[in-house]
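Participant:
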Amino acid sequence: MTMTEFYAARLDDTELLARAYLKRADDRGTDRETWAYKLLLREVEAGRKIIALHTPDMTKYSPETHARLTKHGIYSCPVCATVRTEHKEDWGADRFPCLTLCSLAASWSDHPDYDEAWLP
Ligand SMILES: [Zn+2]
Numbered sequence: 184m185t186m187t188e189f190y191a192a193r194l195d196d197t198e199l200l201a202r203a204y205l206k207r208a209d210d211r212g213t214d215r216e217t218w219a220y221k222l223l224l225r226e227v228e229a230g231r232k233i234i235a236l237h238t239p240d241m242t243k244y245s246p247e248t249h250a251r252l253t254k255h256g257i258y259s260c261p262v263c264a265t266v267r268t269e270h271k272e273d274w275g276a277d278r279f280p281c282l283t284l285c286s287l288a289a290s291w292s293d294h295p296d297y298d299e300a301w302l303p
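By the numbering used here, the letter at position 53 of the sequence shown is numbered 236, and the numbering carries on one by one without gaps.
#1: Suppose the cutoff is 8 Å on Cβ atoms and the five residues either side in sequence are ignored; what does the same chain contact list for residue 240 look like?
#2: I need the straight-line Cα distance from residue 196 to residue 290, nearest angstrom please.
#3: Regarding residue 287 and ligand 1, is the C-beta to nearest heavy atom distance less than 7 Å?
#4: Taking the alpha carbon of residue 190 as the reference point, which residue from 218, 238, 245, 248 has its own alpha carbon closest?
#5: Might you give, ordered along the chain, the residues of its own chain that have their beta carbon closer than 8 Å to the beta carbon of residue 236, omitting 5 neighbours on each side?
#6: Among residues of its own chain, excluding the 5 on either side of residue 184, which ones have a beta-carbon nearer than 7 Å to its beta-carbon?
#7: Please report the Cβ distance between residue 284 and residue 234, rounded to the nearest whole angstrom; I am assuming they are in contact, meaning their Cβ atoms lie under 8 Å.
#8: Quick check on residue 189: does DSSP put it in helix, strand or coil?
#9: Using CA coordinates, which residue listed in 194, 192, 218, 245 is at the minimum distance from residue 204?
#10: Pull up the distance between the alpha-carbon of residue 299 and that of residue 186, whole angstroms please.
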């Protein structure tokens, strides 16, 4: 399981939890708990959008190139990629998953499937 798959699965878990609560709480739609669960659903959607934005589009590569890039980790987040035009150093690829995704996934660092290597 990749870190991105792990994070997406935790978002799915959160959505199920929030929807189950809201289904039972239809008659209490204005209380503080209902507001909190609706907030969770909005956070789930934001998390999914962040995953989509911070994941490289590998569909533009041939299967061979995709396999080589994946094997060597030679691709990076399209949002967080470092701007290097002003630097002469020989930079390697930026980390993927990026620190943004790792930071969000770290909210579930106590989950049994969480890998300590993902810590930001
Ligand atoms: Zn990123």
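The C-beta atom is built at its ideal place from N, Cα and C for all residues, glycine as well.
Facilitator: With the given structure in hand:
#1: Locating residue 240 in the sequence shown gives position 57, counting from the first residue. Cβ within range, chain order: 261.
#2: The residue you call residue 196 lines up with position 13 of the sequence shown. The residue you call residue 290 lines up with position 107 of the sequence shown. Those two C-alpha atoms are separated by around 13 Å.
#3: Numbered from its first residue, the sequence shown carries residue 287 at position 104. Answer for residue 287: no, Cβ out of range of ligand 1.
#4: Translated into positions along the sequence shown, residue 190 becomes position 7. For residue 190, the nearest C-alpha among the options comes from 238.
#5: Translated into the one-based positions of the sequence shown, residue 236 becomes position 53. These residues qualify, in order along the chain: 261, 262.
#6: By one-based count along the sequence shown, residue 184 stands at place 1. 296.
#7: For the purposes of this step, residue 284 is taken as the residue at position 101 of the sequence shown. For the purposes of this step, residue 234 is taken as the residue at position 51 of the sequence shown. Indeed, because the Cβ distance is near 7 Å, the residues count as touching under 8 Å.
#8: As a first step, residue 189 is located in the sequence shown; it is residue number 6 there, counting from the start. In the structure shown, residue 189 sits in a helix (DSSP, three-state: H, G or I).
#9: Working through the sequence shown from its first residue, we reach residue 204 at position 21. Among 194, 192, 218, 245, the Cα nearest to that of residue 204 is on 218.
#10: Numbered from its first residue, the sequence shown carries residue 299 at position 116. Numbered from its first residue, the sequence shown carries residue 186 at position 3. Answer to the nearest angstrom: the Cα atoms are 10 Å apart.
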